[in-house]
Amino acid sequence: MNTAHFPAHIRGLSHISACGLSLRDAVCTVQNQQAPHIVSHRLPPPLDYDAPYYAINYVNADWQQRKNYLLTQCLTECAISSGLSIDALRTHTILLASSALNVGAGEQNFPHLQTLNLSSIANDLCTLLDWQGPALTISTACTSSLNALLFAQRLIASGGAEHVTIIGLDLFNRTALAGFGGMGLLSANNMKPFDQQRDGMVLGEAVAGIVLSRHPHPNKPSCLLLGGAQFLDKAHQTGLKEDGSSVITLLQQCLANSGLQSSDITYIKAQASGSALNDLAEAQGLAMLFDTNTKIASLKAYLGHCLGASGLAELTLLLGCAEAGFLPGTRGLQHADPLLPLQPLREHFLLENQTHHLLCNILGFGGSLSSIAVRIGPKQ
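This is the structure in structure tokens:
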């Protein structure tokens with residue numbers, strides 16, 4: 001499914017992650033190159049080692065109460081940022097994107113697990129905030145929140161919505177941690193995207209939101225979701241085609257659906273999660289389409305791999321940084337893999353006050369790949 005070329009306005013942003021409890025805090029963490037909040041969790045036997053984890057620095061022993069608090073904070077920030085109130089938004093559509101959903105609540109309270117379904121968090125949200133508009137859940141593994149954003153764009157383009165609030169949420173649960181550990185995909189150290197010493201991913205948690213609208217924000221520079229693409233790579237359950245061809249197909253579709261050429265792109269937010277083979281495959285695909293003038297970086301070492309929330313967590317942080325006048329470099333990159341056919345951006349890139357086009361890629365499990373294109377306008 002591809003999005004038609006019908007731009008929608010990115011009007012409001014919110015972000016909660018290991019980098020901070022608000023978008024402003026997270027941008028400051030990145031801008032000052034400070035360390036995110038990383039904890040460790042013991043993996044069960046036979047793995048039996050301490051796995052690092054990018055955690056939101058807010059503690060509540062009750063998983064459901066913690067989720068409800070973070071969800072409320074995220075929606076409040078999103079509404080304020082959009083120039084609209086929650087009262088104004090709650091009659092419109094909301095999309096909840098997640099891969100783990102309420103699994104953490106089920107781990108804590110087994111009877112609760114028996115009542116879980118795809119709509120659990122969306123139902124909780126409607127009750128918590130008296131949401132009156134349609135509330136839908138999208139769960140497509142790591143691409144969940146980017147796919148929700150593309151679906152929201154289609155709703156607006158078709159006349160089915162005026163404003164759509166999209167929330168990406170994935171919080172800590174031991175099932176995901178043990179599952180990724182059991183597949184041998186986790187690093188016991190730190191995230192090193194594109195680095196020659198990369199040895200796997202580190203999971204994280206995030207709650208992030210976007211208000212997508214038919215109307216621009218009255219007081220902020222233009223920020224448009226131009227379009228995007230979704231592609232299903234059937235080559236492997238957990239990896240990419242090694243020649244990068246699936247990445248090329250995805251990005252060609254994204255550019256075509258957004259009315260752009262590869263030479264228009266200033267910056268690409270890569271997936272680059274620290275996997276030995278996938279980072280290389282993604283780099284090969286990117287190098288085939290883009291020249292050295294295009295900046296390419298990963299945000300995974302700031303946020304961890306936030307599963308279904310990754311797309312919105314990384315996009316909101318990227319757009320927050322752009323609003324602050326810079327595009328982030330790749331944290332954790334010390335010695336670039338000499339096999340990479342590109343040079344990832346290491347240091348922050350200061351933006352000139354002009355129009356820029358950004359790509360955001362999420363390359364997920366099960367071959368679910370998504371990419372979007374955003375145009376940010378100059379400050380007035």
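Take the sequence shown: its position 3, counted from the start at 1, is 3 in our numbering, and no numbers get skipped. Where a beta carbon is used, it is the ideal one built from N, C-alpha and C, also for glycine.
query                                                                                                                                                      : result
Does DSSP put Gly209 in a helix, a strand or coil?                                                                                                         : strand
Given that a residue counts as buried once 16 or more other Cβ atoms are within 10 Å of its Cβ, and exposed if not, what is Ile362?                        : buried
Which runs of the beta strand (DSSP E) spanning at least 3 residues fall entirely within the segment 46-127, listed in chain order?                        : 50-54, 93-97
Would you be able to state if there are at least three C-beta pairs under 8 Å between the segment 199-206 and the segment 115-132?                         : no
Check for me: the alpha helix (DSSP H) holding Cys223 runs from which residue to which?                                                                    : Unbroken run through Cys223 is the beta strand (DSSP E), 223-232; no alpha helix (DSSP H).
What would DSSP say about Gly200, mapped onto helix, strand or coil?                                                                                       : coil
Kindly give me the distance between the Cβ atoms of Cys306 and Ile10, rounded to whole angstroms, as I take these residues to be in contact under 8 Å.     : In fact, because the Cβ distance is near 19 Å, the residues do not count as touching under 8 Å.
When burial is assigned at 16 or more other CB atoms within 10 Å of the CB, is Gln253 buried or exposed?                                                   : buried
With DSSP collapsed to three states, give me the class of Ser262.                                                                                          : helix
What are the start and end residues of the alpha helix (DSSP H) that includes Gly377?                                                                      : First-last for Gly377: undefined, no H or E at that position.
Buried or exposed: where does Met1 fall if 16 or more other Cβ atoms within 10 Å of its Cβ makes it buried?                                                : Per-residue confidence for Met1 stands at a pLDDT of 42, beneath the threshold of 50, marking its modelled position as unreliable; the derived number appears in the next sentence. Exposed is the call here.
According to DSSP, is Ser246 part of a helix, a strand, or is it coil?                                                                                     : helix
Distance check for Ala88 and Leu386, CA to CA, integer angstroms please.                                                                                   : The structure shown does not extend to residue 386, since the chain spans only 1 to 380, so no value can be given for it.
Cα-Cα, which of Pro378, Gly106, Leu315 is closest to Lys67?                                                                                                : Gly106
Answer yes or no: do Tyr53 and Ser40 have a C-beta to C-beta separation smaller than 9 Å?                                                                  : yes
Whole angstroms is fine: what's the gap from Ser158's alpha carbon to Leu118's?                                                                            : 25 Å
Please report how far the alpha carbon of His356 lies from the alpha carbon of Tyr267, in whole angstroms.                                                 : 8 Å
The alpha helix (DSSP H) that contains Cys28, what's its start and end?                                                                                    : 23-31
Rounded to whole angstroms, what is the Cα-Cα separation between Asn381 and Gln64?                                                                         : Residue 381 is absent from the model: the chain starts at 1 and stops at 380.
Determine the burial state of Pro45: buried for a count of at least 16 other Cβ atoms within 10 Å of its Cβ, exposed for fewer.                            : exposed
Going along the chain, which residues of its own chain have a beta-carbon closer than 7 Å to the beta-carbon of Ala276, five neighbours each way excluded? : Arg198
For Lys295, which of helix, strand or coil comes out of DSSP?                                                                                              : strand
Can you give the Cα-Cα distance for Ser370 and Leu299, rounded to whole angstroms?                                                                         : 16 Å
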